[in-house]
């Protein structure tokens, strides 16, 4: 397991400054920050970001991208999340689906999807999790049966972020029966149109009534052979490689940062010594996790597949996100007048309700510790 120390080059620091200037100009004075991937779904903002070359950054120019590095994308993402920018429309396609299509897709798929992703005009969800399966992706029960010209897909996916708004999702399903207990064999990935006949999308609301997650039921949904992503039966290896993109980025440790920032804006001059010390400890841990996450981006740029390191970043980062909420909740109880209304109180209430999902999405902590332990035991 390798987390090599790294620092930013002058060009990378300049990119960060450009993004900060863009956000200062684009976000209105009354901007309400979103919390990580649950931020607002704003297609217009995504297109403006894409016009600056900051969506599909790492995709090759021949597919509409800009040939930038994983570290460049890391820096843009970090600034967007820190500001609570409305990134939900393009985020999954930019972070995960685009690189997967680049590595495993057919030329026709690359030509069709990647320029649209880089333009901020094609939005994807993920079709991995299922009822009663938890983070055990090998236990998926969604099946694809061979029919003339393609596949008939049936099953249920849950926790499907923004499926009610997005265009497609990549579905992990079983395309051949499991044999001799080899659960990882026979799994494939299919690109499914979320508006196709047989697709039913139902909301899974948060406790506060807001709608981000969905249940997606597939009832004999036809998927053509041209929409098989990668090798038939190669879905497991594709997904495990894909998780290096999903698990290691700033979205795994910055979701609750806007809450802390707003707290400091409102209460900073009045912090007690004890609370100032607690905030200082949080700041130090932010920096340490950032260094781990940035190291994974450097590793990706070097051509490696740091899935074990990515799993550890996600495990550490999402637990930390929840600890930030707990520190701020305790601070609000002890140092803020009861009944006081503010943007911090509003964001804190949202974070308290949504933060339990942080250590579930993208793999539970138990699964991630197992991944790391197996890697260390090699």
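Residue numbers (my numbering): 124 to 501. The beta carbon of each residue, even a glycine, is placed where N, CA and C say it ideally should be.
Roughly how many angstroms lie between the CA atoms of residue i and residue j, to the nearest whole one?
| i | j | result |
| --- | --- | --- |
| residue 165 | residue 443 | 28 Å |
| residue 249 | residue 458 | 41 Å |
| residue 199 | residue 127 | 21 Å |
| residue 410 | residue 179 | 26 Å |
| residue 377 | residue 272 | 44 Å |
| residue 227 | residue 359 | 13 Å |
| residue 472 | residue 439 | 23 Å |
| residue 150 | residue 205 | 13 Å |
| residue 309 | residue 133 | 47 Å |
| residue 261 | residue 390 | 47 Å |
| residue 423 | residue 430 | 10 Å |
| residue 496 | residue 435 | 10 Å |
| residue 452 | residue 474 | 10 Å |
| residue 437 | residue 481 | 9 Å |
| residue 252 | residue 335 | 15 Å |
| residue 147 | residue 266 | 47 Å |
| residue 300 | residue 268 | 10 Å |
| residue 279 | residue 183 | 34 Å |
| residue 190 | residue 214 | 18 Å |
| residue 187 | residue 349 | 21 Å |
| residue 130 | residue 139 | 13 Å |
| residue 317 | residue 291 | 5 Å |
| residue 361 | residue 464 | 47 Å |
| residue 216 | residue 404 | 34 Å |
| residue 408 | residue 415 | 11 Å |
| residue 157 | residue 211 | 9 Å |
| residue 101 | residue 339 | Any answer about residue 101 is impossible in this case: the structure gives the chain only from 124 up to 501. |
| residue 218 | residue 246 | 11 Å |
| residue 330 | residue 319 | 30 Å |
| residue 328 | residue 209 | 19 Å |
| residue 406 | residue 450 | 12 Å |
| residue 259 | residue 162 | 27 Å |
| residue 337 | residue 396 | 43 Å |
Under three-state DSSP, which class holds residue i?
| i | result |
| --- | --- |
| residue 326 | strand |
| residue 336 | strand |
| residue 342 | strand |
| residue 311 | strand |
| residue 355 | coil |
| residue 125 | coil |
| residue 223 | helix |
| residue 306 | coil |
| residue 283 | coil |
| residue 360 | helix |
| residue 347 | strand |
| residue 270 | strand |
Report the option in the options whose CA atom is closest to the CA atom of residue i.
| i | options | result |
| --- | --- | --- |
| residue 231 | 471, 185, 247 and 396 | 185 |
| residue 192 | 222, 210, 203 and 213 | 222 |
| residue 469 | 417, 381, 296 and 415 | 381 |
| residue 466 | 153, 435 and 145 | 153 |
| residue 306 | 350, 291, 263 and 333 | 263 |
| residue 445 | 421, 455, 427 and 478 | 478 |
| residue 326 | 288, 344 and 293 | 288 |
| residue 118 | 283, 229 and 449 | It is not possible to answer for residue 118, since the shown part of the chain is limited to 124 through 501. |
| residue 172 | 243, 157, 135 and 225 | 243 |
| residue 293 | 240, 351, 239 and 319 | 351 |
| residue 428 | 447, 363, 408 and 407 | 363 |
| residue 413 | 202, 163, 161 and 170 | 202 |
| residue 394 | 432, 373 and 455 | 455 |
| residue 341 | 224, 385 and 296 | 296 |
| residue 433 | 163, 493 and 144 | 493 |
| residue 314 | 330, 274, 176 and 285 | 274 |
| residue 323 | 196, 331, 332 and 343 | 343 |
| residue 386 | 370, 375 and 399 | 399 |
| residue 176 | 136, 238 and 277 | 238 |
| residue 347 | 160, 384 and 276 | 276 |
Looking at the unbroken beta strand (DSSP E) that takes in residue i, where does it start and where does it end?
| i | result |
| --- | --- |
| residue 403 | It is not in any beta strand (DSSP E) - residue 403 instead sits in the alpha helix (DSSP H) that spans 396 to 424. |
| residue 275 | 273 to 280 |
| residue 331 | Run containing residue 331: none; DSSP gives neither H nor E here. |
| residue 195 | Residue 195 -> not in any beta strand (DSSP E); alpha helix (DSSP H) instead, spanning 193 to 205. |
| residue 292 | 291 to 297 |
What residue does the alpha helix (DSSP H) around residue i start on, and which one ends it?
| i | result |
| --- | --- |
| residue 169 | 166 to 174 |
| residue 471 | 466 to 477 |
| residue 458 | 430 to 458 |
| residue 229 | Taken as a continuous stretch (DSSP letters only), residue 229 belongs to no alpha helix (DSSP H), as it is neither H nor E. |
| residue 386 | 380 to 390 |
Please confirm whether residue i has its beta-carbon closer than 9 Å to some beta-carbon of chain B.
| i | result |
| --- | --- |
| residue 213 | Absent from the structure is chain B; it holds one protein chain and no more. |
Which runs of the alpha helix (DSSP H), 4 residues or longer, sit entirely within the region 235 to 266?
none
Can you give, in chain order, each stretch of the alpha helix (DSSP H) that sits fully within the region 127 to 162 and has at least 4 residues?
133 to 149
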